[in-house]
Structure formats: structure tokens, C-alpha cells
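All the letters of the sequence shown, read from the start, carry residue numbers 104 to 333 under our numbering. Where is the CB? At the ideal position from N, CA and C, for every residue including glycine. Accompanying notes for the structure given below.
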Amino acid sequence: MSRLSWMHNFIERRKCEPIVGGWLGIEGAQALEGDPANVDELFAAGFRMMSPSHFFDTEMGGSAHGIEKYGLTEKGREMVRRMEAKRMFVDVAHASQQTIDDVLSMATRPVVVSHTGVKGTCDNNRNLSDDQLRRVAATGGIVGIGFWDTAVCGSDAAAIARAIKYAVSVIGAAHVALGSDFDGSVKVPFDTSGDVLITEALIAEGISDDDIALIMGGNVLKLLSENLPE
Numbered sequence: 104m105s106r107l108s109w110m111h112n113f114i115e116r117r118k119c120e121p122i123v124g125g126w127l128g129i130e131g132a133q134a135l136e137g138d139p140a141n142v143d144e145l146f147a148a149g150f151r152m153m154s155p156s157h158f159f160d161t162e163m164g165g166s167a168h169g170i171e172k173y174g175l176t177e178k179g180r181e182m183v184r185r186m187e188a189k190r191m192f193v194d195v196a197h198a199s200q201q202t203i204d205d206v207l208s209m210a211t212r213p214v215v216v217s218h219t220g221v222k223g224t225c226d227n228n229r230n231l232s233d234d235q236l237r238r239v240a241a242t243g244g245i246v247g248i249g250f251w252d253t254a255v256c257g258s259d260a261a262a263i264a265r266a267i268k269y270a271v272s273v274i275g276a277a278h279v280a281l282g283s284d285f286d287g288s289v290k291v292p293f294d295t296s297g298d299v300l301i302t303e304a305l306i307a308e309g310i311s312d313d314d315i316a317l318i319m320g321g322n323v324l325k326l327l328s329e330n331l332p333e
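Next comes the structure, spelled out in C-alpha cells:
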């Protein structure tokens, strides 16, 4: 059975029911049509996560892929304030380095990086520095490690596991998750049936069973159960 769920009690329900759940998120705040007040409309429609930018700079903030790559605009700051007031997650995947820093500087709730890599194993403008990893963790947020080549500088489970292990070495297993981008426009080495390959690769990297359980889903479940609105 599959159903769309954003209710606070989803975590408890899934212990008893064979359900697949998710929550609605938006990549890029162009959906706001330039007005941060539209956060309220998106929340009412069920959305619980949004990023200031995706593949181009927006009226809210710059993109890692944008032309100017500026930081949060004043409208973007208002967007973040409104999202936090609604207990929505601010996602800084695809954000410019300055936008990431600006969000982290003003955040009062957990910040999410839904799909990314780390500069420690794959140094490019899209990935997070050690300082940014630590600042995301300091908010109580999580970092989802991506599965595609430019996120992890490799095209197999071993490359993904190396990036995960590096992130764990910097911020601990409690703030690291999977950020596959299965539904994105990138090529990944396998579908969900191949997630076991990551488990095996993490075991090979010496990650403990308890930490693997957190990384493979426990951290996300905890984040949702503690932070989604009633």
C-alpha cells in the first residue's frame, strides 16, 4: 500500500502498517512567484520542505549552478522565517555557497541538505565543506549523500560509502543520511533494489551496524518524528 503522508504520527503508524510514505517538497522557490507570503499557501497544500533555489538563481537566493550565485535576498530571508514558523524544512541542496552560509547563519531549526556530496572526497562547487557539514549538524539537521558521479566522484556503491564515511568522520553518524536523487535528472548506479550494496559497502568501510541503521533511514525517521508539525 502506498499513501502520501505528512502527519506527525506517520512514524508510529508505519510500525504497524505496511505503508510507504513521503512528504511533499519543492526544489527551487520559484513556486513562490516572488512572494514569501505564498509559503502559507504551499504549507496549506501539504508541502513541508523547500529550497531557495534549484538550477538557477531565484528571487529568494542564488544557486550553485546560477550566473551570479548570490546569497539569500531579503525575500529569501523572509521565506526562511515563514518556513521555520510553519515548522517546514529549509533544504539547501543546489544552493550557492553564500546562500548555504546565509541560511545556516539565521536558522533556528534543523536545516536539511537533501542530496549532496562532500568536498572531502569530491571537491566541487556543489558539495559541502567540512565547516558547512558541522554547521548543518549544529542545527540538528541532516546531510543526504547523493549517488551520482559528481556528488561522490565515482559511479558505484564504494564511492557512495566513502563519501558517507567521510561525512560521519566530520559530524558523526547521527547527521548523515542517503540522498540518492533517484528521481532527478542524473544517472545513478542502481535503483532502490540496490540499496543493499550501500549497506555492504559501509560494512566494508568499517561502519558499525548501529550507525548503518541510522544512515540507512533511522536519522530521517527521527528528524521527521521530532520536527514535523502536528
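Supposed close pair Val255, Gly220 - CB separation, criterion 8 Å: 5 Å
On the three-state DSSP scale, how would you describe Leu281? strand
If you scan the segment 227-288 from start to end, which runs of the alpha helix (DSSP H) of 4 or more residues do you find wholly inside it? 233-241, 252-255 and 260-274
What residue range does the beta strand (DSSP E) around Phe150 cover? Phe150 to Met153
Does any residue of chain D have a CB that is nearer than 7 Å to the CB of Lys172? Of the protein chains in the structure, only one exists, and it is not chain D.
Any idea what DSSP makes of Ile129, helix, strand or coil? strand
In angstroms, rounded to a whole number, what distance separates the CA positions of Glu162 and Asp294? 34 Å
With a threshold of 16 other CB atoms inside 10 Å of the CB of Ala100, please say whether the residue is buried or exposed. Since the displayed the chain opens at 104 and closes at 333, residue 100 lies outside it and no answer follows.
Can you name, in chain order, every residue of its own chain whose Cβ lies under 8 Å from the Cβ of Met104, other than the five neighbours on each side? The predicted position of Met104 is uncertain, since its pLDDT is 36 and thus under 50; no value can be drawn from it.
Classify Asp138: buried if its beta carbon has 16 or more other beta carbons within 10 angstroms, exposed otherwise. exposed
Taking Trp251 as the reference, give the member of Phe146, Gly282, Ala132 and Gln200 with the closest Cα. Gly282
Could you give the DSSP three-state label for Ala134: helix, strand or coil? helix
So, is Ala316 buried or exposed, given that buried needs 16 or more other C-beta atoms within 10 angstroms? exposed
How many angstroms separate the CA atom of His278 from the CA atom of Ser311? 15 Å
C-alpha distance - Asp226 paired with Ala188, whole-angstrom precision: 34 Å
Would Val299 be called buried (16 or more neighbouring beta carbons within 10 Å of its own) or exposed? exposed
If you draw a straight line from the alpha carbon of Arg151 to that of Met191, how long is it in whole angstroms? 5 Å
Give every residue of the same chain whose Cβ lies closer than 8 Å to the Cβ of Pro213, excluding the five residues on either side of it in the sequence, and list them in chain order. Phe192, Thr242, Gly243, Gly244, Ile245, Leu326 and Asn330
Just tell me which of Asp233, Val271, Lys178 and Ser154 has its CA closest to the CA of Val215. Ser154
In chain order, what residues of the same chain have a beta carbon less than 8 Å from the beta carbon of Glu171, not counting five sequence neighbours either side? Asp160 and Gly165
Span separating the alpha-carbon of Ser199 from that of Phe285: 22 Å
Straight-line CA distance for Leu107 to Gly131? Because the pLDDT at Leu107 is just 49, under 50, the model does not fix this residue reliably, and the value given afterwards should be weighed accordingly. For Leu107 and Gly131, the distance between alpha carbons rounds to 21 Å.
Determine the burial state of Ile263: buried for a count of at least 16 other Cβ atoms within 10 Å of its Cβ, exposed for fewer. buried
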